[in-house]
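**Q** Residue numbers (numbering that gives the first Met the number 0): 0 to 202. A virtual CB, placed ideally from N, CA and C, is assigned to each residue, including glycine. Everything numeric in this text was worked out from a predicted model, so none of it was measured.
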Amino acid sequence: MDLKTSCPGEGLNSPKQLVEKTAQNSRFFILSLPANAVSKSPFAIEKGLKGILGSPKAVKKLRSGDLLIETLNALQSKLLLLAKTFLGQPIIVSPHRTLNTSRGVISEPDLVNCPESEILEGLSEQGVINVRRITIKRGADILETKHLILTFSQPKLPSSVKAGYLNCHVRPYVPNPLQCFKCQRFGHSKTNVLQLWFNGTCS
0 MDLKTSCPGE GLNSPKQLVE KTAQNSRFFI LSLPANAVSK SPFAIEKGLK GILGSPKAVK
60 KLRSGDLLIE TLNALQSKLL LLAKTFLGQP IIVSPHRTLN TSRGVISEPD LVNCPESEIL
120 EGLSEQGVIN VRRITIKRGA DILETKHLIL TFSQPKLPSS VKAGYLNCHV RPYVPNPLQC
180 FKCQRFGHSK TNVLQLWFNG TCS
């Protein structure tokens with residue numbers, strides 16, 4: 000597992016520092032089981048997990064046979080990342096690609112003229128790994144707004160970030176509902192409209 004890819008924006012060099020940083024920011028992990036361990040009983044799997052990190056917050060077996068594990072704290076995350084074997088078999092543990100991030104919105108008029116790359120560089124030490132400005136369409140024009148969507152490398156959204164001297168309040172990002180441009184209904188997109196049309200649910 001390459002932990003450098005798990006902590007975007009971090010310039011850490013030693014594996015120990017990488018494990019510590021990942022453990023602090025991540026609570027959801029994928030434990031890839033060997034083929035001969037996939038069929039183990041739930042009791043054996045629970046016993047094996049307790050031997051590594053104690054009792055995690057939640058465990059779910061995926062269709063692939065891998066385990067999705069939610070830890071209680073940074074210590075459990077660290078113990079899981081350092082694990083090399085499970086039920087006597089070698090394993091691979093990696094942070095989940097999407098569940099360990101969160102998205103929030105800040106609205107600052109003083110950042111309107113700042114490019115996204117500059118904002119990302121300025122906020123990267125606070126766990127920001129992506130910045131996207133919200134735009135609106137007025138006729139044929141695309142207008143940039145003061146609203147910025149920030150993606151954080153941690154599941155818990157911070158209440159604020161410091162953008163230079165600005166103390167910016169962070170509120171949860173709620174994406175617009177998915178809408179079909181064929182039937183104008185919500186909940187599906189035009190890309191899967193044929194399947195829904197055959198089922199009689201998209202007119």
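Counting along the chain, where does the beta strand (DSSP E) carrying P154 start and finish?
**A** No beta strand (DSSP E) contains P154, which DSSP labels as neither H nor E.
**Q** Helix, strand or coil for D160, going by three-state DSSP, please let me know.
**A** At residue 160 the sequence reads Val, which differs from the Asp that was named. Reduced to three states, the DSSP call for V160 is strand.
**Q** Less than 8 Å separating the beta-carbons of Q153 and S76?
**A** No, the pair does not count as a contact, with Cβ atoms beyond the cut-off.
**Q** Between I91, P174, E124, which has its C-alpha nearest G64's C-alpha?
**A** Per the Cα distances, I91.
**Q** At the 8 Å Cβ level, is I68 part of the contact set with chain D, yes or no?
**A** Among the chains of the structure shown, chain D does not appear; only one protein chain is present.
**Q** Which of the three DSSP states is assigned to A57 in this structure?
**A** Looking at A57 - three-state DSSP - the assignment turns out to be strand.
**Q** Can you give me the C-alpha to C-alpha distance between P174 and G103, rounded to a whole angstrom?
**A** Taking the straight line from one Cα to the other gives about 10 Å.
**Q** Do L147 and D109 have their C-beta atoms within less than 8 Å of each other?
**A** Against a cut-off of 8 Å, the Cβ pair of D109 and L147 comes out as no contact.
**Q** Between K145, G87, R96, P114, which lies nearest to A43 when the distance is taken from Cα to Cα?
**A** Out of K145, G87, R96, P114, G87 has the C-alpha closest to the C-alpha of A43.
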